[in-house]
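The sequence shown begins at 53 in our numbering and counts up by one. All C-beta atoms in this analysis are idealised placements derived from N, C-alpha and C, irrespective of residue type, glycine included. Being a predicted model, the structure only gives us computed values, none of them experimental.
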Amino acid sequence: MTKVLVVDDEPQIVRALRINLSARGYQVITAHDGTAALRAAAEGKPDVVVLDLGLPDIDGTEVIAGLRGWTTVPIIVLSARTDSGDKVEALDAGADDYVTKPFGMDELLARLRAAVRRSTVAGPGDEEAVIDTGSFIVDLAAKKVLKEGAEVHLTPTEWGVLEVLVRNKGRLVAQKQLLQEVWGPAYAAETHYLRVYLAQLRRKLEPQPSQPKHLLTEPGMGYRFETTNP
Numbered sequence: 053m054t055k056v057l058v059v060d061d062e063p064q065i066v067r068a069l070r071i072n073l074s075a076r077g078y079q080v081i082t083a084h085d086g087t088a089a090l091r092a093a094a095e096g097k098p099d100v101v102v103l104d105l106g107l108p109d110i111d112g113t114e115v116i117a118g119l120r121g122w123t124t125v126p127i128i129v130l131s132a133r134t135d136s137g138d139k140v141e142a143l144d145a146g147a148d149d150y151v152t153k154p155f156g157m158d159e160l161l162a163r164l165r166a167a168v169r170r171s172t173v174a175g176p177g178d179e180e181a182v183i184d185t186g187s188f189i190v191d192l193a194a195k196k197v198l199k200e201g202a203e204v205h206l207t208p209t210e211w212g213v214l215e216v217l218v219r220n221k222g223r224l225v226a227q228k229q230l231l232q233e234v235w236g237p238a239y240a241a242e243t244h245y246l247r248v249y250l251a252q253l254r255r256k257l258e259p260q261p262s263q264p265k266h267l268l269t270e271p272g273m274g275y276r277f278e279t280t281n282p
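The structure is reproduced here in structure tokens:
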């Protein structure tokens, strides 16, 4: 049973999510502020977190940063903040997705399923898929990345982006294709997601993030993964 941590200070939203998620077979735990959320995540070990940003004690972005200090659990932000700057800030802090209030329950459930799927399902035929770039090693079977002999901790969404690019090694992956494969059809226009996540991957993996040689941008078109300089 998938365990969902719902963090929101609005009782009616917590109640609606508890009812709808429980009816679909999810186990639901809740928290009404950031401090309680961090404690519940540590004690309850949820499979996915649904998080409001406007919490009464600490901002939701601080909760995201706190979680990312020790876990890669998928985090879906559920917020009334609609400004693109707020979205980028949350994604940059480590969130995997961003849903604005008011929201459709069906859309939220679809995004929740996608987030869980990214974190748990490996693609078929990956058993021998190990790619050595010379700077880092991508093990598609184990869903791991090694750099200088140590594992690099990626969030599920970071891994999803990297995996699509690696599986298309040497080929241009269009922005729309990458968004649809990692986030789903509803995200075809959310190009700022890609800018945020490619920047994060470059910081973690590239020898010189400002001059990437493996995770390349094709301006106005998409992205390309190369094992060596093109």
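The region 157-166 makes no contact with the region 188-207: fewer than 3 CB pairs, one atom from each, lie closer than 8 Å.
Shown here for M273: same chain residues with a beta carbon closer than 8 Å to its own, the five before and five after excluded, namely L224, A226, Q227 in chain order.
Between the region 244-257 and the region 141-155 there are three or more C-beta pairs closer than 8 Å, enough to call the two in contact.
Excluding sequence positions up to five before and after P126, its CB lies within less than 6 Å of the CB of V100, D148, A167, S171, P208, all in the same chain and listed in chain order. In this structure, the alpha-carbon of G112 lies about 39 Å from that of T280.
In the DSSP assignment, no residue is bridged to L231.
Separation of the CB atoms of A92 and L119 is rounded to 11 Å, and the pair is thereby denied contact status at 8 Å.
Taking 3 residues as the minimum length, the beta strand (DSSP E) runs contained wholly in the region 69-132 are 79-83, 100-103, 127-131, in order along the chain.
Spatial neighbours of T152 in its own chain (CB-CB distance under 6 Å, excluding positions within 5 residues in sequence) are listed in chain order as T134. Sorting L217, A83, V218, I189 by C-alpha distance to the C-alpha of H205 places I189 at the top.
DSSP places A251 in the helix class (H, G or I) of the three-state scheme. G137: member of the alpha helix (DSSP H) spanning 136-145, first to last residue.
When secondary structure is reduced to three states using DSSP, G212 falls in the helix class.
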